[in-house]
Amino acid sequence: MIKAIAGTKDILPENIRLWKHLESLVEKEMVLFNFKEIRTPIFEETALFSHGIGEATDIVSKEMYTFTDRSGTSVSLKPEMTASVVRAFIEHELNKKANFYKLFYISPMFRQERPQAGRLRQFHQFGAEAIGSNDPIVDAEIIIIANNILKNLGLKNFEIKINSLGIPTSREKYKEELRKYLGDKLDSLSEDSKKRFKTNILRIFDSKNETDRKIMAGAPTILDYLDDESREHFENVKQLLSESNVPVTVDHKLVRGLDYYTNTTFEIISKSVGAQSALCGGGRYNLLIEQLGGKPVPATGFAAGIERILLACENEKSINLKDEELDIYLVRLDKDKKDKVFAIANFLRKNGLITELDYLLRSVKAQMREANRLNSKYVLMIGGDEFLRNAAVLKNMQSGEQEEVILDNLDGIVKRIESVK
RNA sequence: GUGGGCGUAGCUCAGGUGGUUAGAGCGUCUGGUUGUGGCCCAGAAGGUCAUGGGUUCAAGUCCCAUCGUUCACCCCA
């Protein structure tokens, strides 16, 4: 039997409602902040990601689904969306159409990692990118949007962490200090962290190793090395969030793995999911657009993992969708009324009623059971004596009451049912 | 890429130290009303016990391999 590829999942009808619920909340919130949806191709030239995300990052160096197409071009399934959005922004010269763009997306992403709780190879993110302003208000709004969406999904058990990475020059200075601090402690670090010391020293802060954590607790903090402008920007963002009653925790250890971040970074961590607890991550990336060949334009954004969020919702039981319903189920009393039932169904559907009928020539009892299982509000029984009188029995499934209705007057049935919707 | 757990009906799971026809609950179907759901009752269908090999008189049970899955590390949403 052929099965779905490891790390990919079918979203079955019973789950689609949950997804649509989330998607509609995302759209609603984005519309409130006047973000416009953007859709980009599922795959791009590999170079976009290696330049945009960073050649040395894990995502690019070992997690992308990369292949060569028939023309010999190396292409990759998108592992994240920011690079694609920026590419579209540059390619369509959106900066010339307006000075400021606010874009959002909901899209599948692909990374070839080992699947685990909250991590899939095809997963889905929603996110936003605000391009064109360096105003701290935008940083704040990005975080507020993410926070609002999680709140609207009923989530409580999460924490927003925020930090500033400053600008490259101050960050380099800080890394130098970190290297000095760790110089004589190198032997005590875990093997992974020894590697990080060379490749991406900031990430040692993310280590889950006890000893590493103890050592890093005494490390200098990046916030002490921010340039004046970055410091002021960061203070501003915190101030705005505080005024908006969005609680955030400053975490100077929050670094983040993508190369393009400058200044503000943030992450939303849930305590309701497994080890992969980041529901959402984002920050400012003022240098990326220029790096990808555009005019230097400041930007900020976030991405959120839909599967992880839904996992959190499930564990917190935060969503209660009401059961799906049917307006009316047509029960066929006699086998020879098939065509009549079909014709009535056509009419009712044309008039906007969600209508179901039996396709399996089942017994009346079985049809009734089915109507009940489908939560049908009404049942119309067609056939028998009533049919000879050009009538049928309409039953209200909730009250159990039933009455005879004239088949010439299907409009009346439609009106009745519409009125209780 | 590394390490651990687990693979028995559609789903959730039982099946001490190997022993003959592999079970339950839920779900599905049928019946209990010549044409009536939910609750209840009776019954039925549904399993190459992941696959392949090995040990044994005998394997769902023990051993090995493979595949799948899951959790964690790494990293990230």
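The first sequence runs 93 to 513 under the working numbering. Idealized CB from N, CA, C, for every residue including glycine.
| message | For LYS128, list the residues DSSP reports as bridge partners. | response | The residue given as residue 128 occupies position 36 in the first sequence. Answer is LEU195.
| task | May I have the straight-line CA-CA distance separating LEU466 from PHE135, to the nearest angstrom? | result | Counted from its first residue, the first sequence places residue 466 at position 374. Counted from its first residue, the first sequence places residue 135 at position 43. Cα-Cα distance, rounded: 40 angstroms.
| request: Under 8 angstroms by Cβ, that's how I've got VAL471 and TYR421 pegged, so tell me the actual separation to the nearest angstrom. | output: Here residue 471 is taken as the residue at index 379 of the first sequence, counted from 1. Here residue 421 is taken as the residue at index 329 of the first sequence, counted from 1. With 8 angstroms as the limit, VAL471 and TYR421 qualify as a contact, their Cβ atoms being about 5 angstroms apart.
| field | Coarse secondary structure for ALA98, derived from DSSP in three states | value | Position 6 of the first sequence holds residue 98. Note: ALA98 maps to coil in three-state DSSP.
| field | Through-space distance from GLU399 to PHE215, alpha-carbon basis | value | Working through the first sequence from its first residue, we reach residue 215 at position 123. Working through the first sequence from its first residue, we reach residue 399 at position 307. Rounded to whole angstroms, PHE215 to GLU399 spans 7 angstroms at the Cα level.
| said: Assuming the contact rule is C-beta atoms closer than 8 angstroms, GLU408 and ASN249 should be a hit. Round their C-beta distance to whole Å, please. | reply: Position 316 of the first sequence, counted from the start, is the residue given in the question as residue 408. Position 157 of the first sequence, counted from the start, is the residue given in the question as residue 249. At roughly 6 angstroms, the Cβ-Cβ gap stays under 8 angstroms, so GLU408 and ASN249 are in contact.
| message | Can you give me the C-alpha to C-alpha distance between SER168 and ILE151, rounded to a whole angstrom? | response | The residue you call residue 168 lines up with position 76 of the first sequence. The residue you call residue 151 lines up with position 59 of the first sequence. Distance between the alpha carbons of SER168 and ILE151: 11 angstroms.
| message | Measuring alpha carbon to alpha carbon, tell me which residue in GLY258, LEU332, GLU406 and ALA484 is nearest TYR377. | response | On the first sequence, position 285 is the one that residue 377 refers to. With distances taken between Cα atoms, TYR377 lies closest to GLY258.
| request: Note down the Cα distance separating LEU453 from PHE434, rounded to an integer number of angstroms. | output: Locating residue 453 in the first sequence gives position 361, counting from the first residue. Locating residue 434 in the first sequence gives position 342, counting from the first residue. Each residue's alpha carbon lies about 13 angstroms from the other.
| task | Determine the direct distance from the alpha carbon of LYS429 to that of PRO105, and round the result to whole angstroms. | result | Position 13 of the first sequence, counted from the first residue, corresponds to residue 105. Position 337 of the first sequence, counted from the first residue, corresponds to residue 429. Taking the straight line joining both Cα atoms gives about 31 angstroms.
| Hey, would you say the C-beta of LYS189 is under 6 angstroms away from at least one heavy atom of the ligand FMN? | Looking for the ligand FMN in the displayed structure turns up nothing, as the structure carries no ligands at all.
| query | Which residues does DSSP pair with THR261 in a beta bridge? | reply | By one-based count along the first sequence, residue 261 stands at place 169. THR261 pairs with nothing; no bridge assigned.
| message | Pairs of beta-carbons, one from the stretch 312-329 and one from the stretch 218-236, closer than 8 angstroms: are there three or more? | response | yes
| Neighbourhood of PHE127 by C-beta distance below 7 angstroms, restricted to the same chain and skipping five residues each side | Residue numbering aside, residue 127 sits at position 35 when the first sequence is read from its first letter. Contacts found: LYS194, LEU195, PHE196 and ALA220.
| request: Could you tell me whether the stretch 262-274 touches the stretch 359-369, using the rule of 3 or more Cβ pairs below 8 angstroms? | output: no
| Where does the unbroken beta strand (DSSP E) through GLU408 begin, and where does it stop? | Translated into the one-based positions of the first sequence, residue 408 becomes position 316. Careful: GLU408 lies outside any beta strand (DSSP E), inside the alpha helix (DSSP H) at 398-408.
| task | Out of TYR451, GLN459, ALA458 and ASP419, state which residue places its alpha-carbon closest to the alpha-carbon of LEU440. | result | On the first sequence, residue 440 is found 348 positions in, with the first residue counted as 1. Of the listed residues, the one whose Cα sits closest to LEU440 is ASP419.
| message | In the DSSP assignment, the alpha helix (DSSP H) including SER285 goes from what residue to what residue? | response | Translated into the one-based positions of the first sequence, residue 285 becomes position 193. 283-291 is the extent of the alpha helix (DSSP H) around SER285.
| Whole-angstrom distance between LEU402 and ASN412, CA atom to CA atom | Residue numbering aside, residue 412 sits at position 320 when the first sequence is read from its first letter. Residue numbering aside, residue 402 sits at position 310 when the first sequence is read from its first letter. Spanning the two alpha carbons is a distance of roughly 12 angstroms.
| Taking buried to mean at least 16 other C-beta atoms within 10 Å of its own C-beta, is THR341 buried or exposed? | Numbered from 1 along the first sequence, position 249 holds the residue referred to as residue 341. Exposed, because fewer than 16 other Cβ atoms sit within 10 Å of the Cβ of THR341.
| query | At what residue ranges does the stretch 447-502 contain a whole run of the beta strand (DSSP E), taking only runs of 3 or more? | reply | 447-449, 468-474, 483-488 and 494-498
| field | Per-residue burial, ILE108 [other beta carbons within 10 Å of its own, 16 or more giving buried] | value | The residue given as residue 108 occupies position 16 in the first sequence. Burial call: exposed.
| query | With 16 other CB atoms within 10 Å as the buried threshold, where does VAL365 fall? | reply | In the first sequence, the residue the question calls residue 365 occupies position 273. Flag for VAL365 reads buried.
| task | Within its chain, find whatever has a CB closer than 7 angstroms to the CB of ALA437; leave out the 5 residues flanking it on each side and keep chain order. | result | The residue labelled residue 437 in the question sits at position 345 within the first sequence. LEU422, THR447 and LEU449.
| said: Per the DSSP calculation, THR357 is bridged to which residue(s)? | reply: By one-based count along the first sequence, residue 357 stands at place 265. In the DSSP output, where bridge partners are listed per residue, THR357 has ASN255 and GLY375.
| message | Quick check on the DSSP output: the alpha helix (DSSP H) that includes GLU136 runs from which residue to which? | response | Counting from one through the first sequence, the residue named residue 136 turns up at place 44. GLU136 -> not in any alpha helix (DSSP H); beta strand (DSSP E) instead, spanning 135-137.
| According to DSSP, is TYR352 helix, strand or coil? | Stepping through the first sequence from its first residue, residue 352 is reached at position 260. Correct three-state label for TYR352: coil.
| query | Which residues in the same chain have their Cβ closer than 6 angstroms to the Cβ of ARG288, if we skip the five residues on either side of it in sequence? | reply | What you label residue 288 is simply residue 196 of the first sequence in a count that begins at 1. Closer than 6 angstroms at the Cβ level, and outside the excluded window around ARG288, lie ARG295 and ILE296.
| field | In chain order, each beta strand (DSSP E) run of at least 3 residues that lies wholly inside the stretch 308-342 | value | 340-342
| said: Starting from LEU418, trace the beta strand (DSSP E) in both directions and tell me its first and last residue. | reply: Here the question's residue 418 lines up with position 326 in the first sequence. Taken as a continuous stretch (DSSP letters only), the beta strand (DSSP E) holding LEU418 covers 418-424.
| query | With DSSP run on the structure shown, which of helix, strand or coil describes GLN383? | reply | In the first sequence, counting from the first residue as 1, residue 383 sits at position 291. It is helical.
| request: Drop a sphere of 10 angstroms on the beta-carbon of PRO171, count the other beta-carbons inside from all chains shown, and report buried for 16 or more, exposed for fewer. | output: Within the first sequence, residue 171 is the residue found at index 79, counting from 1. Looking at its Cβ environment, which holds 16 or more other Cβ atoms inside 10 Å, PRO171 is buried.
| request: Give the C-beta separation of GLU137 and SER176 to the nearest angstrom, bearing in mind that I take them to be a contact with Cβ-Cβ under 8 angstroms. | output: Against the first sequence, residue 137 aligns to sequence position 45. Against the first sequence, residue 176 aligns to sequence position 84. That pair is no contact at about 11 angstroms.
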